[in-house]
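Trainee: First the structure, which I've put down as structure tokens, then a few questions once you've had a look.
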Amino acid sequence: MNTSVLKPDETLLTQLAGVQAGTPLAAALAVREDAVHNAEASGRVLFESADLQRLSLNERLAFAFATSEAHDDELLVSHYRARLAAAGGAPVDNARTQAALRHVRLLATEPVRASPNDLRLLEAAGWSADAILTIAQIVAFTSFQSRYLAGLRLIADSANAANVPIAEVRAGTWHTQPLTVSGQPAPTAFTRVELGWEPWLAPRDRATLSEDESTQLEKAGHLNSDYFMLLARDLPVLTHRTRTDKGIFYTHGGLSRAERELAATVTSKVNGCIYCASVHARKSAQLSGEVAAIDTLLAVAPGGDLAAGQSVRWQALIRFAAQFAATPDAATSAHLAPLRALGLGELELLDLMGAVAFFSWANRLMLTLGEPYIPAN
72 MNTSVLKPDE TLLTQLAGVQ AGTPLAAALA VREDAVHNAE ASGRVLFESA DLQRLSLNER
132 LAFAFATSEA HDDELLVSHY RARLAAAGGA PVDNARTQAA LRHVRLLATE PVRASPNDLR
192 LLEAAGWSAD AILTIAQIVA FTSFQSRYLA GLRLIADSAN AANVPIAEVR AGTWHTQPLT
252 VSGQPAPTAF TRVELGWEPW LAPRDRATLS EDESTQLEKA GHLNSDYFML LARDLPVLTH
312 RTRTDKGIFY THGGLSRAER ELAATVTSKV NGCIYCASVH ARKSAQLSGE VAAIDTLLAV
372 APGGDLAAGQ SVRWQALIRF AAQFAATPDA ATSAHLAPLR ALGLGELELL DLMGAVAFFS
432 WANRLMLTLG EPYIPAN
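Residue numbering for the sequence shown follows my numbering, beginning at 72 and increasing consecutively.
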């Protein structure tokens, strides 16, 4: 498929998914225009108007291609293969590139296994802190793209899906070491308690910010966050990522905010991200009042059924979110049948899919660039 020319109302993902104008899905996408177009803008700043001094275009596209392969996403594989060929082919096959590709595959498939040593190995291979941050963003963003594209295709096809039995949903593993790399107490179980997060790479120094950059980060509430100041090492990507987040979670209509936060929590349980789950489980519990149900979800052990003990509606939401969050994603159009039966339309399904897709992005940054700790007070 030729993706070099997009129609005025198209994005790469809507074109690849074959979204037809005038359909209910197209109408839902128009309602969520901010999320759709800021996701598209994130791709542009990573692969088109990028700082090529820290990472060449060939390297960027090669890492996106490898991520697409890890997610077994044929459409994105074809897209990035064609773009990589047009850019002159794969980067030089040397120890530096091989180290980066090993890291890319780890982040794409098993981000919970990442450790500070993985970042030190990249530094030893010659990658700068700025480049390492951008590599993580490329993997995380391409993981988001894969989920969003799959979701668009599922929603478009789900009206004809058969209602077939759905397998149990399993929770992933997580970190259980009692101390962080710096010696702070670390959470060893999922919780709604507010946690801190410490980076494994140095956040951006405020002294390097321009006045406009400082104002932008302050307005977004990011200046006092180590996490966001680390992401500010690639500020254009952070800017559009933040706007994508707001377009998915902070919008009216569609799926309730509490259930979008539920989907974020489920995704974090699948990927093993204690920090992300703590934030979004707390929010879902506050907004829904379903404190016991959220705590039941958080308590599911590795390999356990995430939907066990939940209401009929939450079982359907949890089962779809977990299938969709898996790598490669395991959701089929049949998995949407229970949600359709509950009355969810295109906008609600788009919100559910978007929440999972975004946390397929967020978890891969939180898990591979730092770790949570328990604050002293």
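Here a beta-carbon is modelled for each residue, glycine too, at the ideal position from N, C-alpha and C.
Are the CB atoms of residue 355 and residue 333 nearer to each other than 7 Å?
Mentor: A contact, by the Cβ cut-off of 7 Å.
Trainee: Need the endpoints of the alpha helix (DSSP H) that residue 321 sits in, please.
Mentor: Where residue 321 is concerned, there is no enclosing alpha helix (DSSP H), given that its DSSP letter is neither H nor E.
Trainee: What residue from 307, 319, 375 has the CA that sits closest to residue 426's CA?
Mentor: Closest by alpha carbon: 319.
Trainee: Measuring only the C-alpha atoms, how far is residue 153 from residue 263?
Mentor: Going by the C-alpha atoms only, they are around 44 Å apart.
Trainee: Given this structure, state the Cα-to-Cα distance separating residue 353 from residue 423, to the nearest angstrom.
Mentor: Each residue's Cα considered, the two are about 18 Å apart.
Trainee: For residue 389, which residues in the same chain have their Cβ closer than 8 Å to its Cβ, ignoring the five residues on either side in sequence?
Mentor: The residues are 240, 333, 337, 368, 377, 378, 381.
Trainee: In chain order, what residues of the same chain have a beta carbon less than 7 Å from the beta carbon of residue 267, not counting five sequence neighbours either side?
Mentor: Excluding residues within five positions, the ones whose Cβ falls inside 7 Å are 443, 444, 446.
Trainee: Assign residue 385 to one of three DSSP states: helix, strand, or coil.
Mentor: Residue state, collapsed to three classes: helix.
Trainee: Out of 304, 284, 285, state which residue places its alpha-carbon closest to the alpha-carbon of residue 270.
Mentor: Comparing Cα-Cα distances from residue 270 to each of 304, 284, 285, the minimum goes to 304.
Trainee: Three Cβ pairs or more, each shorter than 8 Å: is that satisfied between the stretch 300 to 315 and the stretch 324 to 333?
Mentor: The stretch 300 to 315, when compared against the stretch 324 to 333, does not touch it at the 8 Å Cβ threshold.
Trainee: Where does the unbroken alpha helix (DSSP H) through residue 222 begin, and where does it stop?
Mentor: Note, residue 222: alpha helix (DSSP H), 200 to 228.
Trainee: Just to confirm my understanding: we take residue 370, look at its own chain, exclude 5 residues before and 5 after, and list those with CB closer than 6 Å. What are they?
Mentor: Around residue 370: no qualifying Cβ.
Trainee: Tell me which residue opens and which closes the alpha helix (DSSP H) that residue 95 is part of.
Mentor: Its alpha helix (DSSP H) spans residues 95 to 102.
Trainee: CA-CA distance, residue 440 and residue 190?
Mentor: Cα-Cα distance, rounded: 8 Å.
Trainee: How many angstroms separate the CA atom of residue 406 from the CA atom of residue 297?
Mentor: Going by the C-alpha atoms only, they are around 38 Å apart.
Trainee: Would you kindly work out how many angstroms separate the C-alpha atoms of residue 395 and residue 138, rounded to a whole number?
Mentor: Answer to the nearest angstrom: the Cα atoms are 16 Å apart.
Trainee: With burial defined as no fewer than 16 other Cβ atoms inside 10 Å of the residue's Cβ, what is the status of residue 248: buried or exposed?
Mentor: Flag for residue 248 reads exposed.
Trainee: Let me make sure I understand the geometry here. Which of 84, 126, 94, 276 has the alpha-carbon closest to that of residue 162?
Mentor: Nearest option by C-alpha distance: 126.
Trainee: Taking 8 Å as the cut-off, does the stretch 111 to 122 touch the stretch 91 to 101 (at least 3 CB pairs, one atom from each stretch)?
Mentor: Touching, no.
Trainee: Quick one: which unbroken alpha helix (DSSP H) runs of 4-plus residues sit fully inside the stretch 324 to 382? Chain order, please.
Mentor: Fully enclosed alpha helix (DSSP H) runs of 4 or longer: 328 to 342, 345 to 359, 362 to 369.
Trainee: Rounded to the nearest angstrom, what separates residue 103 and residue 165 at their Cα positions?
Mentor: Their Cα atoms are separated by approximately 43 Å.
Trainee: Could you spell out where the alpha helix (DSSP H) holding residue 409 opens and where it closes?
Mentor: Unbroken alpha helix (DSSP H) run through residue 409: 408 to 412.
Trainee: Just tell me which of 205, 168, 408, 143 has its CA closest to the CA of residue 218.
Mentor: Here the closest residue by C-alpha is 143.
Trainee: Secondary structure at residue 181, three-state DSSP: helix, strand or coil?
Mentor: Here residue 181 sits in coil by DSSP.
Trainee: For residue 268, list the residues DSSP reports as bridge partners.
Mentor: In the DSSP output, where bridge partners are listed per residue, residue 268 has 443.
Trainee: On the three-state DSSP scale, how would you describe residue 74?
Mentor: Legend: pLDDT at residue 74 = 46, less than 50; position of this residue unreliable, no value from coordinates given.
Trainee: Can you check whether the CB of residue 213 is closer than 7 Å to the CB of residue 141?
Mentor: Their beta carbons are not under 7 Å apart, which means residue 141 does not touch residue 213 by this criterion.
Trainee: Could you check what DSSP says for residue 250 in three-state terms: helix, strand or coil?
Mentor: In this structure, residue 250 counts as strand in the three-state DSSP scheme.
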